[in-house]
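Contents: one structure, followed by commentary.
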Amino acid sequence: MDKNTIWGFVVIGALLFGFAWFNKPSQEELQRQQTVADSIAAVKEVEAYKAEQLAKTQLVEQEEVVSDSVVSEQLIDKYGAFAPAVSGDSAKYIIENNKVKLFVDPKGGQISSVELKEYKASNGSALVLFDAEKDSTSLGFSLVTANNRLLNTKDLYFEGVNVAPVSVVTGVDKKSFVFRLKTSEDAYLDYVYTLGEDDYMVNFSVKAHSLEKVLTYGVNSLEMQWSSKVKQQEKSKKFENRYAALNYKYLSDDLDNLSESNDDDESVSTKLKWVAFKDQFFSTVLIADNAFSGAKLVSKMGAEDSEYLKKYSADMSVSFDPTGKDETGFRFFFGPNKFSLLKSYDNDAVGDNVLKLQRLVPLGWGIFGWINRFVVIPIFDWLSTFIGSYGLIILILTIIIKIVLFPMTYKSYVSMAKMRVLKPQIDEINAKHVGDKMKSQQATMALYKKVGVNPLGGCLPMLLQMPILFAMFSFFPASIELRQQGFLWATDLSSYDSIVSWTTNVPFVSQYFGNHVSLFCLLMTITNLVYTHLNMQNQMEGSQQIPGMKYMMYAMPVIFLFMFNDYASGLSYYYFIATLITILQTVIIRRTVDEDKLLQKLHEKAQSPKKQKKSGFMSKLEEMQRRQLEMQKQQGKRK
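Structure follows, in structure tokens:
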């Protein structure tokens, strides 16, 4: 390399160095460049993070797709075509009219709660028969799918077809509401509830649409499971429990029921028309349009500290057409045990369609029930049409009954008066035949026959009045008309009235008497003691009286005090008024009957040449005495 070339490179280097020196960036420019570089790096990091997250999300979505597919396959395997109904909306529907408010739960499509609008619980709150939210009711039908899986409708979700969230039935005769259980096929199951404007009866039908496609082959019936807890509605749980029972009616026969006081169950092989879950004043009745084919019925007592009286369950079989040509029809009755109302559902009914729901009102068996149905209730209802106070109605009813029974009361008193005026002569007979009881009895009966006195004349009229007393014993606790109706100090004539109460548990007293004192029951006891005293005075005293009978007669009213202290105050009030009227009648009769004239008439009859007609009872009594005397003579000969 020559000298000129070297100087050329030196000059070029110097020029480059000078250019770089004079054009180097300032400190501010360097900072700006660094900021730009940092920003570019940050953007690249964000883009890298987004790319990473996107990749992860795509992976998760792929996994979820796989998981949903697995779950879907599992649901189909477990529920068959009913897999779409495994989940759904939980908001309840309300259907109501002037009488009832029904809550329908989409899960199970069942009526989950019922409120009776015209009644209140004993604490003043709304009267709710049952509530599914408290696990107090359940109704479902068992379904067997085409892939042999056993399901129950109470676990599946229904959809309201023509139902608003709140549907009020007014101004129409009847309105239907459809709840549909859908499937994955062109098949479904409908629950149809039909409610009238002023009715406690709800029509309930189960109708299929092409369910033969999704159910096992050959289905022609369904097994249904119905259970409910009966809630305490009245003030006295112990008293209310006596009238709470699971009742049922055979299709072509009478009614029956499980035990009111103990756990009980019954397997019924014959057809049933209806099953009722009943408490003292209200019932839930499930009625089949055709019949229930056999049933397993169970009643279990509730715990003492529970708000429920009993738990009922009924497992039954009903006919079913999966093609939907025929529907399975029922009726629900949610309402009061009111005799006239229940009886009205049999208007124009014939044959097996006669329900006899009025038998849910326990009016007594045999003659006691007849007296209540054909005498007491008509009079009671008639008085109710123009008298608003049920205390006055009971008073007037009692007066009417006592007027009707007065001839028997009068005859009973006169008969006992005859026995009383003959006592001196009977004492003479007993003294004459001391040690020979048979001859004494024969002579006494001869005297009775001679003067025309029936020794049971004082008892028979009283016995004839007993059906009335027992009928009223059944009538008042079963009359919902008295429920929460006050009179004087009593706030509820269907329950006990309390003037003194306590919370401390007193052994024996709390168990058998309760933690209160009922004033009407106390007044009833006092008047019965007074009447017993008067009655004992009217009866003949002496050797013919059974030893200890006097004390037993006085003990009975005290026993009644323990028995009736927890009973309906309307019943105690009736017995109090009835006994008080009887006392007044006895006092008046005593003042009007002249026993001296009565004795004179008996002597005149004894001296009369006209032969006294012998009663059938006297003839039988004489025959018994004759046979007894012959037996004694034969025994004497043997000795």
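So the sequence shown is residues 897 to 1535, counted in the numbering used here.
Glycine included, every Cβ here is placed at the ideal spot set by N, Cα and C.
Query, Result
"Which residues in the same chain as LYS1298 place their Cβ atom closer than 6 Å to its Cβ, once the five residues preceding and following it in sequence are excluded?", "ILE1477"
"Measuring alpha carbon to alpha carbon, tell me which residue in LYS1131, LEU1182 and ARG1227 is nearest TYR1208.", "LEU1182"
"What is the DSSP secondary structure of ASP1001, counted as helix, strand or coil?", "coil"
"Around the Cβ of LEU1462, are there at least 16 other Cβ atoms within 10 angstroms (buried) or fewer (exposed)?", "Per the sequence presented here, residue 1462 reads as Asp, with Leu not at that position. That one is buried."
"Which residue from PHE1054, ILE1484, ASN1048 and LEU1457 puts its Cα closest to that of TYR1471?", "LEU1457"
"Let's see if you can read the secondary structure: which residues bound the alpha helix (DSSP H) around ILE1080?", "For the sequence presented, residue 1080 should be read as Ser rather than Ile. First-last for SER1080: undefined, no H or E at that position."
"Is the beta carbon of TYR1241 closer than 8 Å to that of LEU1256?", "no"
"To the nearest whole angstrom, what separates the beta carbons of SER1018 and GLU1130, a pair I think is in contact under 8 Å?", "5 Å"
"State the DSSP-derived secondary structure class of PHE1100, mapped to helix, strand or coil.", "strand"
"Let me confirm a value: ALA1060 is counted as buried when at least 16 other C-beta atoms fall within 10 Å, else exposed. Which label applies?", "exposed"
"What first and last residue would you give for the beta strand (DSSP E) that runs through VAL1171?", "1160 to 1174"
"Tell me the residue span of the alpha helix (DSSP H) that contains GLY1265.", "1262 to 1267"
"Inspect the beta-carbon positions of MET1449 and THR1428 and report whether they are closer than 8 Å.", "yes"
"Taking the alpha helix (DSSP H) that PHE1270 falls in, what are its first and last residues?", "Element bounds for PHE1270: n/a, residue is neither H nor E."
"Considering only the beta carbon of each residue, do TYR1144 and VAL1126 sit closer than 8 Å?", "no"
"Tell whether a beta-carbon distance below 8 Å holds between VAL1214 and LEU1193.", "no"
"I need the DSSP call for PRO1061, collapsed to helix, strand or coil.", "coil"
"Going by Cα to Cα distance, which pick from ALA1042, VAL1115, PHE1037 and PHE1230 is closest to LEU998?", "PHE1230"
"Excluding the 5 residues flanking VAL1088 on each side, which residues of the same chain have their C-beta closer than 6 Å to its C-beta?", "SER1072, VAL1074 and SER1101"
"Rounded to whole angstroms, what is the Cα-Cα separation between LEU1142 and MET1197?", "11 Å"
"Would you report the Cα separation of PHE1135 and LEU1418, rounded to the nearest angstrom?", "18 Å"
"Can you list, in chain order, the residues of its chain with a C-beta nearer than 6 Å to that of ALA1022? Leave out the 5 residues immediately preceding and following it.", "GLU1011"
"What's the C-alpha gap between SER1280 and GLN1481?", "27 Å"
"What is the DSSP secondary structure of PRO1218, reduced to helix, strand or coil?", "coil"
"Taking three-plus beta-carbon pairs below 8 Å as touching, is the segment 976 to 990 in contact with the segment 1030 to 1043?", "yes"
"For LYS1252, name the three-state secondary structure that DSSP assigns.", "coil"
"Going by beta carbon distance, what residues of the same chain come within less than 7 Å of ILE1376, once the five residues before and after it are set aside?", "PHE1177, PRO1232, ASN1233 and LYS1234"
"Expressed to the nearest angstrom, what Euclidean distance is found between the alpha-carbon atoms of GLU877 and ALA1104?", "A question about residue 877 goes unanswered here, because the residues of the chain that appear run from 897 up to 1535."
"Use the C-beta contact count for ARG1487: other C-beta atoms within 10 angstroms, 16 or more gives buried, fewer gives exposed.", "exposed"
"Please report the distance separating the alpha-carbon of GLU959 from that of GLN1006.", "For GLU959, the predicted model reports a pLDDT of 46, less than 50, meaning its position is unreliable and no value from the coordinates is stated."
"Is it buried or exposed, LEU1384, if we count other Cβ atoms within 10 angstroms and call 16 or more buried?", "exposed"
"Starting from GLN1129, follow the beta strand (DSSP E) in both directions and report where the run begins and ends.", "Note, GLN1129: premise wrong, no beta strand (DSSP E); not H, not E."
"Exposed or buried, which one is SER1117 when buried takes at least 16 other CB atoms within 10 Å?", "exposed"
"For the beta strand (DSSP E) containing ALA1187, name the first residue and the last one.", "1178 to 1197"
"Determine the extent of the beta strand (DSSP E) in which THR1482 is found, giving its start and end residues.", "First-last for THR1482: 1465 to 1488, but that is the alpha helix (DSSP H), not the beta strand (DSSP E)."
"Please return the same chain residues whose Cβ sits closer than 7 Å to the Cβ of SER1111, not counting the five positions on each side in sequence.", "Per the sequence shown, residue 1111 should be read as Leu rather than Ser. Excluding positions up to five away in sequence, the list reads LEU1039, VAL1040, THR1041, ALA1042 and PRO1218."
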